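The block underneath contains the structure these notes are about, expressed in structure tokens.
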Amino acid sequence: MKFKSLIVFTIILSCLSLTAYAKDKDVIAVWMLEEGKGDLVKDTTGNGHEGKIIGAKWVEGKFGKALQFNGTSDFIEVPHDDTLSLQTYTIIATFKIPAAPTGWYTIICKDTAGPIRTYGLFVGTNGLLNCSFSTGNQWRGIYDINVDPDLDTRVDDGKWHTVAIAYDMKTYRVYIDDKLEAQKKITDKPDAADMTVTIGSWHGGGWINGLIDEIYLSERALSEAEIQKFSSGIATASPVYTKNKLAVTWGHIKL
């Protein structure tokens, strides 16, 4: 029995060592939303981008826990940091919207109270995605069905969806549930919004009525193959960022 325990302990240490080397320096923040209680959400990258929950309630999600937002006042606020003002990025979010939006719903946004937006992921009243940033006084991204006809998949059907935005200042890509929804050649530099990141709203509006499970933010535009790994959740695609890695490892090993 002692010998088996030693083997198990060695395996765990090996896994943890591999995990340390697996961390991606380009990952800026990961909000797993697995706390299940309290009014703080942790950034499991260790970069310190914790969020304050304003009103949202803990519920069961697609991958463990999630937060439910009431559509009128609930959101999460992450303090501003220069590392969150990205020029290139990948945003991956898993969420569920039970019915057609009554207004614009925000998944995640970094903007000011005015027309400056570094990045934003929204769902419009037509149930379609709006993925955009500002450059000067101009909007850029994929956000208008009249201009971007490929952007035609509704996500307000009461089902869980994993959406990804990838931008490298060459091409702007949007994915829904593993599949490329739309892409566009864009070379503009996003404006740097020096205010907080908000999840579930923008500053003063855009409150989502729905559930958000997890969000991943990287300063690198991931490839399609990398993005497709997230269909089973961040814990599968990037297990290094899973909370309580040691406990999970112990739980999966049988003596």
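For the sequence shown, position 217 matches number 218 in this note's numbering, and the numbering has no gaps at all.
Beta carbons: idealized from backbone N, C-alpha and C, even for Gly.
Treat the numbers as computed from the prediction; the structure is a model and nothing was measured.
Local conformation of residue i per DSSP, three classes
i, result
"VAL28", "strand"
"ALA100", "coil"
"TYR242", "helix"
"SER202", "coil"
"SER86", "coil"
"GLU227", "helix"
"ILE92", "strand"
"THR107", "strand"
"ALA248", "Here ALA248 scores only 35 on pLDDT, less than 50, and its place in the model should not be relied on; the value that follows carries that caveat. If DSSP states are grouped into helix, strand and coil, ALA248 belongs with the helices."
"ALA167", "strand"
"ALA236", "helix"
"ARG174", "strand"
"GLU220", "coil"
Residues that DSSP places opposite residue i in a beta bridge
i, result
"ASP112", "ARG118"
"PHE134", "ARG141"
"SER74", "None; SER74 has no bridge partner."
"GLY211", "PHE70"
"ILE54", "ILE77"
"ALA183", "VAL175"
Cα-Cα separation, residue i to residue j
i, j, result
"MET33", "GLU215", "5 Å"
"ILE146", "LEU129", "8 Å"
"VAL198", "TYR120", "10 Å"
"TYR22", "GLY207", "Caution applies to TYR22, whose pLDDT of 32 falls short of 50 and renders its modelled position unreliable; the model cannot decide the point."
"ALA183", "PRO150", "8 Å"
"LYS186", "ASP169", "10 Å"
"THR136", "THR172", "15 Å"
"ALA236", "GLU35", "11 Å"
"ALA101", "LYS58", "21 Å"
"ASP189", "LYS43", "32 Å"
"LEU68", "PHE134", "25 Å"
Residue i burial status per 10 Å Cβ neighbour count (16 or more: buried)
i, result
"SER74", "exposed"
"LEU122", "buried"
"VAL164", "buried"
"GLY205", "exposed"
"LYS180", "exposed"
"ALA94", "buried"
"GLY52", "buried"
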